[in-house]
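Single-structure report; data block below.
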Amino acid sequence: MRDVIFINPPNHNRVPALPIGIGYLNQILVDGGMDSAIIDIQHKVASGLLELNGDFFGEVKTLLSGAPAKIYGITVMNASYVWAVRISEIVKELFPEAVVILGGPQATLANGAILKSCKTVDFLCVYEGEKVILDFVKWVKGGGGGKPPANNIWFRNTNNEIEHTPNEPLIKDLDSLPLINFDANEYADVRNIGLDVGRGCAYDCCFCSTNQAWQRTPRFKSPGKIAAEAEYYYRNFKGTKRPTIHFEHDNFISRKDVLRDLVKIKKAHGLSFEYACSSRIDTIDDEIIELLASSACKNIFFGIETGSQRIQKIMGKNLDLKKVMPMIRKLISRKILVEVNFIIGFPEETYEEMCQTLDLMSEIQWENARVGLSIISPEPMSRLALTTPVSDYLLVKDTLFLRDMTATGIDPLALEPELHNHIYTIAGKNYDTLEVAALSTFYLHILKSAPMSMLALRKNLGVTAKDVLNDIRGYMGKGKPLSNNSDSATGFFAEAYASHLSANGSFFGEFLRYEIIRTAYINDAELTSEKTQPADFNWGFNEIYLAVLKDKELLSASASFPRRKTRIAFGKRHKNG
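The opening residue of the sequence shown carries number 62 in the numbering used here; numbering runs sequentially from there.
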């Protein structure tokens, strides 16, 4: 029997990743002489080794039955909480005497509410666990009893009352954290290696709970430590190709001195790792772009959130939207992939402001960036959640979250909304939030399926996001399904913009067909054998599409491309295009 087994429960993500948080805790225990290991259920789901279906919990039970331990530590965020609870129930069924402790953001933010709701959880570890985990495990192994000697621990006393030990001060020296010895063979499919380069955000966006979890205290590892760890993981996780190292910090660029020194070290020692990072877009300037481009930064993520300057102020982000597009174009010109996320559904947001968000999102997509869209959710302990009554929560039904839950037999309606915030949005003051969520989600689907075709509509017909939403609403009114597959996107375009698609001798119709097949191939989505067979066109769209990506003015209806019967087989060139 092991001393400790850490469990990483599913979180709905289908991208293989390293469990950094419990990775640190496990390494600290191993280095401290404990028999400790990780069971990464999330990785098994993301890798296809486990499926979220009716057999899932039975398979988890079989997996855990062969892994007895004195203590089970389950990491949990809001999206994984429902799975963590059921896994704790399985643990107690198999090993009634085992101790179950939850840690992570959800434990930190929901603390006592979890202990009130879930009787199969014995303890919570809040905030950071690295400085307290070894003392806690030694105490449990010694028989426990009374109040735990470790800080950051929530528990029930002998009278079943909830108590907690004092909060441990945040770790000042993040360089003191150990190098995590992940099994490179187990995680060979991880292409994006998360590296903890710092913690904490000083900002106070109304929708975000990060500032609560980290007490609005930004901290960073030293540039030398970041460089050494990044190179280690880059060289040890080979797979089929070298991974990208993702610097995990909400606002990495906020410390320009850290980036400067990191780039100097990287160049001085000839370190070869490629990396990605996240930041606020208003921390980027020409010097930063040069530092990123010259040091193999391949990807940067921004949360723009809204295309409305008024909502920027209300939510506390306060970005100057006039500076967004010029900065994104500069980054892309230096071959840095830009990813941007938006949020709709702020309670004060008007329908016009929501459409402004979709228009800005579209502009960014048309610059060959990547965009994402979220529906506002009352994250635990965020200002939004604290000021929103539960009676205003709205269950968003057509999401991956709910599909995963119902596939395994979980009834979302039986869950406490306050502890499962991620499956809810909130009622707005100015429009039907659930209707707009459905419309905008499909808008994002067609924008990503056929971005240049959407741009052609803008250039040739003056079609705005608001116009497209009205057309989607009309499409729905005819009983047409809004599915996120290529057939649904094609059907919508054919229904709403038939005259445009037949213009110029059906050029735009064939262009749309080419683009949707190309996008589906790149995304490996909904590809039947029929769709991957060579397709016949009256124009050479491989060359045309690459030309259009470089010069969007070629999408004008007045542009003339010579006809040339072409059979196109979709393959690696489209993956790389």
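Even glycine gets a Cβ: it sits at the ideal position worked out from N, Cα and C.
Extent of the continuous alpha helix (DSSP H) run through residue i
{"i": "A559", "result": "559-562"}
{"i": "Y412", "result": "412-426"}
{"i": "D532", "result": "526-538"}
{"i": "L607", "result": "602-611"}
{"i": "L463", "result": "461-468"}
{"i": "V385", "result": "385-394"}
{"i": "K180", "result": "Run containing K180: none; DSSP gives neither H nor E here."}
{"i": "S514", "result": "512-522"}
{"i": "E348", "result": "347-354"}
{"i": "V198", "result": "194-202"}
Residue i to residue j span [Cα, whole Å]
{"i": "S514", "j": "A555", "result": "12 Å"}
{"i": "K636", "j": "I578", "result": "Here K636 scores only 45 on pLDDT, less than 50, and its place in the model should not be relied on; the value that follows carries that caveat. Computed Cα separation, rounded: 12 Å."}
{"i": "T226", "j": "A446", "result": "26 Å"}
{"i": "Y188", "j": "Y558", "result": "53 Å"}
{"i": "K490", "j": "T418", "result": "17 Å"}
{"i": "A511", "j": "E576", "result": "6 Å"}
{"i": "I389", "j": "I583", "result": "23 Å"}
{"i": "A608", "j": "D453", "result": "49 Å"}
{"i": "N379", "j": "D597", "result": "49 Å"}
{"i": "S394", "j": "S355", "result": "13 Å"}
{"i": "P542", "j": "S549", "result": "7 Å"}
{"i": "V152", "j": "T169", "result": "22 Å"}
{"i": "D92", "j": "P80", "result": "18 Å"}
{"i": "R63", "j": "A291", "result": "31 Å"}
{"i": "Y294", "j": "A337", "result": "14 Å"}
{"i": "L476", "j": "I405", "result": "24 Å"}
{"i": "L90", "j": "N246", "result": "22 Å"}
{"i": "E74", "j": "D465", "result": "Reading off the sequence shown, one finds Asn at residue 74, where the question assumed Glu. Cα to Cα, N74 sits roughly 11 Å from D465."}
{"i": "G433", "j": "N402", "result": "5 Å"}
{"i": "T627", "j": "F553", "result": "26 Å"}
{"i": "N498", "j": "I436", "result": "The amino acid at residue 498 is misidentified as Asn; the sequence shows Ala. The alpha-carbon atoms of A498 and I436 are separated by roughly 7 Å."}
{"i": "N599", "j": "I361", "result": "38 Å"}
{"i": "R303", "j": "F334", "result": "8 Å"}
{"i": "K233", "j": "D257", "result": "14 Å"}
Span of the beta strand (DSSP E), counted from its first residue to its last, around residue i
{"i": "I306", "result": "305-309"}
{"i": "F184", "result": "184-186"}
{"i": "N253", "result": "253-257"}
{"i": "Y336", "result": "335-340"}
{"i": "L163", "result": "160-164"}
{"i": "T136", "result": "130-136"}
Residues sharing a beta bridge with residue i, DSSP
{"i": "D597", "result": "R628"}
{"i": "Y454", "result": "I487"}
{"i": "F118", "result": "Its beta-bridge partners do not exist; DSSP assigns none."}
{"i": "I436", "result": "I405"}
{"i": "F281", "result": "G259"}
{"i": "E400", "result": "F362, R431"}
{"i": "D92", "result": "BP columns for D92 are empty, so no partner."}
{"i": "E224", "result": "F216"}
{"i": "N69", "result": "D101"}
For residue i, the three-state DSSP class (helix, strand or coil)
{"i": "P80", "result": "coil"}
{"i": "K153", "result": "helix"}
{"i": "R147", "result": "helix"}
{"i": "A174", "result": "helix"}
{"i": "N218", "result": "coil"}
{"i": "D639", "result": "Since the displayed the chain opens at 62 and closes at 638, residue 639 lies outside it and no answer follows."}
{"i": "H506", "result": "helix"}
{"i": "R431", "result": "strand"}
{"i": "R371", "result": "helix"}
{"i": "E229", "result": "coil"}
{"i": "N545", "result": "coil"}
{"i": "N565", "result": "helix"}
{"i": "A38", "result": "Here the chain has residues from 62 to 638 only, and residue 38 is not among them."}
{"i": "E479", "result": "helix"}
{"i": "Y142", "result": "helix"}
{"i": "Y85", "result": "helix"}
Test: residue i CB closer than 7 Å to a CB of chain C
{"i": "Y264", "result": "Given the protein chain composition of this structure (a single chain), no chain C is represented."}
Near the ligand ZN: residue i beta-carbon under 6 Å from a heavy atom
{"i": "D116", "result": "Absent from the structure shown: the ligand ZN. Ligands present: none."}
- Message: I want to know whether the region 531-548 touches the region 501-509 - three or more CB-CB distances under 8 Å.
- Response: yes
- Query: Given 8 Å as the limit, is there contact between the region 280-287 and the region 321-328, that is, 3 or more CB pairs closer than that?
  - Reply: yes
- Is there contact between the region 65-84 and the region 139-156, where contact requires at least three CB pairs shorter than 8 Å? yes
- Within the chosen definition, does the region 209-221 reach the region 183-197 through at least 3 CB pairs nearer than 8 Å? Touching, yes, given that three or more Cβ pairs across the two stretches are closer than 8 Å.
- Query: Is the region 188-200 touching the region 215-223, taking contact as three or more C-beta pairs under 8 Å?
  - Reply: Cβ pair count under 8 Å is below three, so no.
- Task: Report yes or no: do the region 476-492 and the region 118-129 share at least 3 C-beta pairs separated by less than 8 Å?
- Result: no
- Message: Check whether the region 397-414 and the region 229-247 are in contact - that is, three or more C-beta pairs closer than 8 Å.
- Response: In short, these stretches do not touch, since the Cβ pair count stays below three.
- Query: Are the region 367-378 and the region 410-426 in contact at 8 Å, needing three or more beta carbon pairs?
  - Reply: yes
- Message: With a threshold of 8 Å, are at least 3 pairs of Cβ atoms found where one atom belongs to the region 102-116 and the other to the region 465-477?
- Response: yes
- Query: When the Cβ atoms of the region 95-115 are set against those of the region 169-182, are three or more pairs found closer than 8 Å?
  - Reply: no
- Touching by the beta-carbon criterion (3+ pairs, under 8 Å), the region 237-254 and the region 265-278: no
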